[in-house]
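Shown next, in structure tokens, is the structure this report addresses.
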Amino acid sequence: MKKLFLVLVAIQIIAPVLYSQQNEKNQSFRVFENNLEKDYRSYMDNSLNPALDNNLLLMGFATGNDGNEYMYWTISGKVQLNHFVIEKFYMNHWEYISGIEAQDNFNEPSGYQVPVTHTHGKNQYRLKMVDSSGGISYSKIMEVVYNENSEGAEKTLVILNDNSGNFVAFKARIIREKGYLVALNKPQNVSSGIYRIVGSTDVQIDGRVLAVK
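Quick note, the numbering used here runs 7 ahead of the 1-based positions in the sequence shown.
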């Protein structure tokens, strides 16, 4: 009876400790994976090769001169990769966005850029890397907060060049339409057309092309 009592006491002491350790592990896991721990576990299989992620030198997003949004990354030449897949988190699962074959220039870093389309609000992306033997690795999750009308919430003073040496300046309400900047208003002395922004009160749009309706 005494031995049974000691066993019960030991269980009561150890069980909360195990629960606490498990709870702490899950909590730190959620913080690290942006609360996507359920999906993260779904792709932790035997083909996962975490070492590939160490060869991802650079990854980010940028707006090209054509007005489109791009995802770019640089990979080292220390690993032989087969292809890449860009995935986007949507409705509690990861969706295929696009894929691209890996370059053959081994032993040298190689850069890639692929057009992507952000939707209004939070956009979460990850890069899937597949090596020549089928090993899979995923990049860290990258988040882009995109406001499609952020550049047009208020009027912005712009100085435009019509490519003929003529300059005009006015306060424009600017929005994005399919990746392009569009002015919804214009003074009477400005004709509708395509202009280059040579200066503005928003440095993020300087040098961009603006369509004036």
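Note that CB positions come from ideal geometry on N, CA and C, so glycine has one too. This structure is a prediction, so every number in the text was calculated from the model and none was measured.
Does N62 come out as helix, strand or coil in the three-state DSSP assignment?
Here residue 62 is taken as the residue at index 55 of the sequence shown, counted from 1. The answer is helix: DSSP assigns N62 an H, G or I state.
For E108, which residues from the same chain have a beta carbon less than 6 Å from its beta carbon, with the 5 sequence-adjacent residues on both sides left out?
Here residue 108 refers to the residue found at position 101 of the sequence shown. Within the same chain, E108 has close Cβ partners H90.
Would S144 be called buried (16 or more neighbouring beta carbons within 10 Å of its own) or exposed?
Residue mapping note: residue 144 aligns to position 137 of the sequence shown, counting from 1. Burial call: buried.
Taking the alpha-carbon of R203 as reference, which of Y119, Q195, G172 has the nearest alpha-carbon?
Your numbering for residue 203 matches position 196 in the sequence shown. The shortest C-alpha separation from R203 is found at G172.
With a threshold of 6 Å on Cβ separation, who are the neighbours of L191 within its own chain once the five nearest residues in sequence on each side are excluded?
Translated into the one-based positions of the sequence shown, residue 191 becomes position 184. Taken in chain order, the residues that qualify are R180.
Closer than 8 Å by C-beta to G67: which residues in its own chain qualify, once you throw out the five before and the five after it? Chain order, please.
Within the sequence shown, residue 67 is the residue found at index 60, counting from 1. M78, Y79, W80, M149.
When you compare the CB positions of G118 and L63, do they come within less than 9 Å of one another, or not?
Numbered from 1 along the sequence shown, position 111 holds the residue referred to as residue 118. Numbered from 1 along the sequence shown, position 56 holds the residue referred to as residue 63. Result no, Cβ atoms of G118 and L63 do not sit closer than 9 Å.
When you compare the CB positions of I82 and P122, do they come within less than 9 Å of one another, or not?
One-based indexing of the sequence shown puts residue 82 at position 75. One-based indexing of the sequence shown puts residue 122 at position 115. The answer is no: Cβ separation not under 9 Å.
Please list, in chain order, all residues of the same chain as V165 whose beta carbon is under 6 Å from its beta carbon, the five residues on each side excluded.
If you number the sequence shown from 1, residue 165 lands on position 158. Counting only Cβ-Cβ distances below 6 Å, and skipping sequence neighbours, we find A179, I204, S207.
Helix, strand or coil for I148 per DSSP?
As a first step, residue 148 is located in the sequence shown; it is residue number 141 there, counting from the start. In the structure shown, I148 sits in coil (DSSP, three-state: anything other than H, G, I, E or B).
If you drop the 5 nearest sequence neighbours on each side, which residues of the same chain put their C-beta closer than 7 Å to that of Q87?
Numbered from 1 along the sequence shown, position 80 holds the residue referred to as residue 87. Excluding sequence neighbours, Q87 sits near F113, D138, S139.
Given F174, which residues of its chain have a CB within under 8 Å of its CB, disregarding the five upstream and five downstream residues?
Here residue 174 refers to the residue found at position 167 of the sequence shown. So the list reads I166, L167, N168, V205, once near-sequence residues are dropped.
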